[in-house]
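The sequence shown: position 153 = 152 (numbering that gives the first Met the number 0), numbered continuously.
Note that CB positions come from ideal geometry on N, CA and C, so glycine has one too.
These figures come from a predicted structure and were not determined experimentally.
I have placed the structure first, in the form of structure tokens, so that the comments after it can refer back to it.
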Amino acid sequence: MRWAWNACVGCFRGTRNAASMLWRRLERRPRVLRFLLALVVMIGVGVAIWLLTPEVPVPKYSDKDTTMHTIPNFQEDHIPALWTDDAYECVGWQETDSCEPEDITSRRPLETKKCDETIDQRRAGFCQVRNKTSGAILRLMVSSCHSMQHRQYTCDMARNFSEFALLAATYQHMPLATSLSLPEAQQHPPTRAILMIVYDKVLPSAYAAIRVIRDHGCTLPVEMWYRPDEMQIDDNALIQHLVADFNVHLRQIFDPRAVGFHTKPYAVYYSHFDSILLLDADNVPVRDPTYLFDDPAFVETGALFWPDYWQPPNSLFDVTSHSLLWQLLQMEFLSEFEQESGQVLINRRRAPAALNKLMYYSTHGPKLLDNLKLIWGDKDLFRLAWRNTSTAYHMMAKPPAIGGIY
């Protein structure tokens, strides 16, 4: 016991002597001393403010929704069949809440608008349409103050909006040629590949990613899709090098509707391979990704999806319970992480219904998902198409994290 006490005393004296020496050194450098003292004071003030600030309760997300209380059971207003020109009539837009703070003493009166008048962002209300055959008045595109954060619209869109889910339910995508139809199980043994979309700007990134994949020992073929009007390949030395030395297969995108983000669903649908790992051109795996095709979750479900950073109510792209997305697709609100589509693993043989729905969402006009900015590009198209057709998929449980920037 005496030995332990002596050890503690010695430790204390040593620490005190070291502190004294450090203080004497700092006294010779007054600028450093003043900086450290100021830093300690700032930290102390910050901690004091944090401890003394009363906690303000954050309202529940559902409490911010006024329209859903003002207009009960609004989701019951949907159509059982497509409209006819003789039956459809747009009446106009009815505001249901001024979306002003509740402590304002004199809130402005609620407005009505004609069908062709613009409805601004963050406005609560609904479009009224009349079935001239039955006389029924339907409430469509019902929005709260938080439904349309970044987009204006008009009630002239209500007819296409109400028919969107009905058309999607029966849509069968017609392949450009019979040889490009979806594979059937009896045709050949299952095949695997990595799939990428390229154009001039991202070609160097794709080249680097493919080099890294090959350095990892991956031997999977790479199916590289491009639009001829965006990239010329005949005299492209980098393309020729990839094809000659890295087992890369070039595929052209012909459909004029498959532009931008929508080239990815197109390439997935028309791939020559059964199971494909779709990678963005700037997506660089840290190991050979071949093992993913044998992952038990993929074997069981036939689709692996990865989460993005965002989820309700903290959604950068407003994919929340208030969004018109769920009315458009006639889906129950799904409270889960949004999808990061920079990598998607799909067994195409097991998902014909989901792939047809995916192509409808991606190619069918008018493109309400894009026009109303209800999602960002193709980011959530895959999980929405799979869920809306009751096709199995597995969402990776681990959230994303930053591993580096290049």
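Test item: CB-CB of residue i and residue j under 8 angstroms
i                 : j                 : result
leucine 139       : phenylalanine 163 : no
histidine 271     : glutamate 229     : no
glycine 124       : glutamine 151     : no
methionine 173    : phenylalanine 304 : no
leucine 383       : tyrosine 360      : yes
threonine 83      : isoleucine 118    : no
cysteine 217      : proline 100       : no
leucine 291       : leucine 249       : no
leucine 278       : glutamine 342     : yes
phenylalanine 245 : isoleucine 193    : no
leucine 137       : aspartate 76      : yes
valine 318        : proline 311       : yes
alanine 327       : leucine 367       : The question names alanine, yet the displayed sequence has leucine at residue 327. Taking 8 angstroms as the Cβ cut-off, leucine 327 and leucine 367 qualify as a contacting pair.
Contacts around residue i, its chain only, beta-carbon distance under 6 angstroms, and the 5 residues preceding and following it disregarded
i                 : result
proline 188       : none
valine 197        : Ala205, Met223, Tyr225 and Ala280
valine 211        : Val283
valine 247        : Val221, Met223 and Leu241
phenylalanine 316 : Trp375
leucine 354       : Tyr268
cysteine 126      : Trp92, Leu139, Met140, Cys154 and Ala157
glutamate 331     : none
asparagine 346    : Ser274 and Gly301
isoleucine 78     : Ser161
methionine 147    : Gln120
serine 314        : none
aspartate 199     : Met230
glutamine 329     : Ala164
glutamate 54      : Residue placement at glutamate 54 is poorly supported in this model, since its pLDDT is 49, which falls under 50; the coordinates are not used for a value here.
tryptophan 325    : Phe332
Start and end residues, beta strand (DSSP E) containing residue i
i                 : result
glutamine 239     : Element bounds for glutamine 239: not the beta strand (DSSP E) but the alpha helix (DSSP H), 236-244.
phenylalanine 125 : 123-130
valine 431        : The displayed coordinates of the chain run from 0 to 405. Any statement about residue 431 would go beyond what the structure contains.
asparagine 346    : 338-346
leucine 276       : 274-278
glutamate 222     : 221-225
threonine 95      : 87-96
methionine 195    : 191-196
Residue i beta carbon near the ligand ZN (any heavy atom closer than 7 angstroms)
i          : result
serine 320 : This structure lacks the ligand ZN; in fact it carries no ligand of any kind.
Residue i to residue j span [Cα, whole Å]
i              : j              : result
glutamate 335  : arginine 386   : 12 angstroms
threonine 190  : leucine 276    : 12 angstroms
valine 57      : arginine 286   : For valine 57, the predicted model reports a pLDDT of 35, less than 50, meaning its position is unreliable; a value from the coordinates is still stated below. The alpha-carbon atoms of valine 57 and arginine 286 are separated by roughly 42 angstroms.
alanine 157    : alanine 391    : 32 angstroms
threonine 132  : isoleucine 232 : 57 angstroms
valine 141     : arginine 256   : 29 angstroms
threonine 388  : histidine 149  : 29 angstroms
aspartate 294  : threonine 300  : 10 angstroms
asparagine 370 : tyrosine 170   : 20 angstroms
isoleucine 412 : threonine 111  : Because the chain spans 0 through 405 in this model, residue 412 falls outside it and cannot be assessed.
lysine 372     : glutamate 88   : 25 angstroms
alanine 458    : alanine 207    : Given a span of 0 to 405 for the chain in the structure shown, any question on residue 458 remains unanswerable.
glutamate 339  : aspartate 254  : 25 angstroms
alanine 168    : glutamate 116  : 31 angstroms
lysine 356     : histidine 363  : 10 angstroms
methionine 445 : isoleucine 42  : With the chain covering 0 to 405 only, the question about residue 445 has no answer from this structure.
serine 235     : proline 203    : The displayed chain sequence assigns asparagine, not serine, to residue 235. C-alpha separation (whole angstroms): 12 angstroms.
histidine 145  : alanine 266    : 34 angstroms
alanine 396    : valine 298     : 17 angstroms
Beta-carbon proximity list for residue i, same chain, < 8 angstroms, skipping 5 on both sides
i            : result
proline 398  : Pro306, Tyr308 and Phe336
alanine 400  : none
alanine 135  : Arg129
glycine 402  : Val285
aspartate 85 : Lys131 and Thr132
leucine 81   : Glu162, Leu165 and Leu166
Sequence-distant residues of the same chain with beta carbon closer than 7 angstroms to residue i, five excluded per side
i              : result
methionine 358 : His172, Pro264 and Tyr268
alanine 296    : Leu303 and His393
valine 201     : Ala280 and Asp281
lysine 113     : Gly91
arginine 349   : Gly301
leucine 219    : Arg191, Ala192, Ile193 and Thr289
proline 365    : Asn159
proline 227    : Gln251
Span of the alpha helix (DSSP H) around residue i
i              : result
arginine 210   : 202-214
valine 267     : 262-269
alanine 353    : 351-362
aspartate 233  : Premise fails: aspartate 233 is in no alpha helix (DSSP H) and is neither H nor E.
alanine 400    : No alpha helix (DSSP H) contains alanine 400, which DSSP labels as neither H nor E.
threonine 169  : 157-169
tryptophan 325 : 324-328
aspartate 369  : 367-370
alanine 384    : 380-387
Next on the checklist: Would the stretch 244-264 count as touching the stretch 375-386 if we require 3 or more Cβ pairs under 8 angstroms?
Outcome noted: yes
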